[in-house]
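There are 2 protein chains.
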Amino acid sequence: MVKQFVQDEEKQRLLLDGHEEKHFTAGEVVRDIIIGVSDGLTVPFALAAGLSGANAPSALVLTAGLAEVAAGAISMGLGGYLAAKSDADHYHRELQREQEEINTVPDTEAAEIADILTQYGLGPEEYGPVVTSLRNNPKAWLEFMMKFELGLEKPEPRRALTSAGTIALAYVVGGLVPLLPYMFVPTADRAMATSVGVTLAALLFFGYVKGRFTGNRPFLSAVQTAVVGALASAAAFGMAKAVQSI
Amino acid sequence: MVKQFVQDEEKQRLLLDGHEEKHFTAGEVVRDIIIGVSDGLTVPFALAAGLSGANAPSALVLTAGLAEVAAGAISMGLGGYLAAKSDADHYHRELQREQEEINTVPDTEAAEIADILTQYGLGPEEYGPVVTSLRNNPKAWLEFMMKFELGLEKPEPRRALTSAGTIALAYVVGGLVPLLPYMFVPTADRAMATSVGVTLAALLFFGYVKGRFTGNRPFLSAVQTAVVGALASAAAFGMAKAVQSI
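Residue numbers (this note's numbering), protein chains in the order written: chain A, 22 to 267; chain B, 22 to 267.
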């Protein structure tokens, strides 16, 4: 039996080497850029459209828009950083707790291994050797419990910071697109017409790219992204008109 | 050997029943509320402060603020819904792909089981029986690969919609807090003073609650949340002043 599996092991290498699965995972940086840009395109765009709806002059629309971009970039970036940081803290607390449990109640933790593997239809004679082996290898045991019991992945240390910076920067870039027309066209109404055109085109483009990178149908994604932007600005426009008419 | 593990199995039940781990997981609805509220508190607050810094009248600060709340709620809610939706689509595509691979290249997929378990220091004689058992139970095999090869959890069908609604509503509630003073205090400067006080208190409170629910130190979380809000509004304030002075 053992010998057979050792032979299998050699066969496995060959099988794995010859096989590369086409499961999609977007690069995290690309995902951060897309998050920042599409959000940056949407909210400042909607705000600017809303204020134009309230007949505010271009200068003021621009002031509000750039103030929103500054606030949004910091809120998204710093907020995202703190969220990632607290996830990492959470992971390390759970790691410590799990380690303590392996030390203090090993039989219970061993029973949990069996419990997890039983969910996949494994019987005592199949999971038994696994339990025994993990008990003899506490480091692997801890890793096994973190992933298989708690479903927690080890967080990358530098990730939080780079992610925050990327999202914030992308938000600024995205936010400047709908605001540019207001810098050059003094009358807000005409500036808004340009802004709507430019931004909808940008939303369609980024929706398409987003679809490509997240493995979804690009054209559907393009339309969805543009629709969210359009609805958001329509709501902002309506809200501004309503408030103004009070 | 088998007999021994069968006895263990009875012992396991008792061990597991008597043992309830204190691993923390926040209720998803609570998390959505916190996300929406703390974001809603931050950006509209910062925008209002920024515009007040540009000496805009309260009425206009309110117009811009409410327009931002409308845009932000839709962008966050609908955007969040589409993100969750595309995650679900992604899961189902991967499920299908994995199923096809189990059907077409079972030996390779079996080798991948071994490959995964080898990472936990298991040898052929330990993972061998597991591989054999999973190969005889294709449904469990598929679930095993989804969770342990791809690390994908089965998404809840209604989750996306409820999450979107919760976040959007929470964003509106959070966003109204910093804007209320501008409804009652005509001069923006004095309205801003009140808004700053009320909002910082709210940020501290929600930061504390967030810390409690995410298992982090509540007071640290309270301070961090308030600092993000303060920095965001300071940036918006500075940006508005800068744009205005051009």
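Where is the CB? At the ideal position from N, CA and C, for every residue including glycine.
| Asked | Found |
| --- | --- |
| So, under 8 Å CB-CB, V193(A) and A105(A) are touching, yes? Tell me the CB distance rounded to an integer number of Å. | Actually they are not in contact, since the Cβ atoms of V193(A) and A105(A) sit about 19 Å apart, beyond 8 Å. |
| Does at least one heavy atom of the ligand GTP sit under 7 Å from the Cβ of S73(A)? | With respect to the ligand GTP, the structure offers nothing, as it holds no ligand at all. |
| Going by beta carbon distance, what residues of the same chain come within less than 8 Å of A191(B), once the five residues before and after it are set aside? | D53, I54, I55, I56, G57, V58 and G61 |
| Distance check for K175(A) and N124(A), CA to CA, integer angstroms please. | 21 Å |
| Just to confirm the assignment, what range does the alpha helix (DSSP H) spanning T250(B) have? | The sequence given here has Gly at residue 250(B), not Thr. Unbroken alpha helix (DSSP H) run through G250(B): P239 to Q265. |
| Assuming N76(B) is part of the alpha helix (DSSP H), what are its boundary residues? | Neither: N76(B) is in no alpha helix (DSSP H) and is coded neither H nor E. |
| Find the residues of chain B that neighbour V249(A), judging by a C-beta separation of less than 8 Å, and give them in chain order. | I95, S96, L99, G100 and L103 |
| How about the segment 232-251 of chain A and the segment 103-118 of chain B: do they share at least three Cβ pairs that are nearer than 8 Å? | yes |
| Measure the C-alpha to C-alpha separation of A247(B) and L225(B) and round it to an integer number of angstroms. | 5 Å |
| How many Å lie between M166(B) and Y102(B) at the Cα? | 27 Å |
| How many Å lie between G186(B) and A70(B) at the Cα? | 27 Å |
| Kindly say whether S154(B), judged by its beta-carbon, lies nearer than 8 Å to any beta-carbon of chain A. | yes |
| Between the segment 152-165 of chain A and the segment 133-145 of chain B, do three or more beta carbon pairs fall short of 8 Å? | yes |
| Okay, do the segment 250-260 of chain B and the segment 66-81 of chain A touch, 3+ Cβ pairs below 8 Å being the bar? | no |
| For F240(B), which residues from the same chain have a beta carbon less than 8 Å from its beta carbon, with the 5 sequence-adjacent residues on both sides left out? | Y229 and G232 |
| How about V206(B): is its C-beta nearer than 8 Å to some C-beta of chain A? | no |
| Which same chain residues end up closer than 7 Å to A202(B) when comparing Cβ atoms and leaving out the 5 residues on each side of it in sequence? | Note on residue identity: the sequence assigns Pro, not Ala, to residue 202(B). Taken in chain order, the residues that qualify are A212, T215, S216 and V219. |
| How big is the Cα-Cα spacing for L221(B) and S184(B)? | 26 Å |
| Strictly under 8 Å for the Cβ-Cβ distance: is H44(B) near chain A by that measure? | Legend: pLDDT at H44(B) = 49, less than 50; position of this residue unreliable, value from coordinates given subsequently. At least one chain A Cβ lies under 8 Å of H44(B). |
| On a CA-only basis, which of A251(B), P199(B), A209(B) and R179(B) is nearest E49(B)? Give me that one, please. | R179(B) |
| Are the beta-carbon atoms of S154(A) and E147(B) separated by less than 8 Å? | yes |
| Can you tell me whether L182(A) is buried or exposed, with buried defined as 16 or more other CB within 10 angstroms of its CB? | exposed |
| Strictly under 8 Å for the Cβ-Cβ distance: is Q120(A) near chain B by that measure? | no |
| Compute the Euclidean distance between the alpha carbons of F66(B) and G250(B), then round it to the nearest angstrom. | 8 Å |
| Tell me which residues share the same chain as R156(A) and place their Cβ nearer than 8 Å to its Cβ, disregarding the 5 neighbours each side in the sequence. | P127, A131 and W162 |
| What alpha helix (DSSP H) runs, 4 residues minimum, are completely inside the segment 109-144 of chain A? | 127-139 |
| Excluding the five sequence neighbours on either side, which residues of its own chain have a C-beta within less than 8 Å of the C-beta of V264(B), listed in chain order? | A75 |
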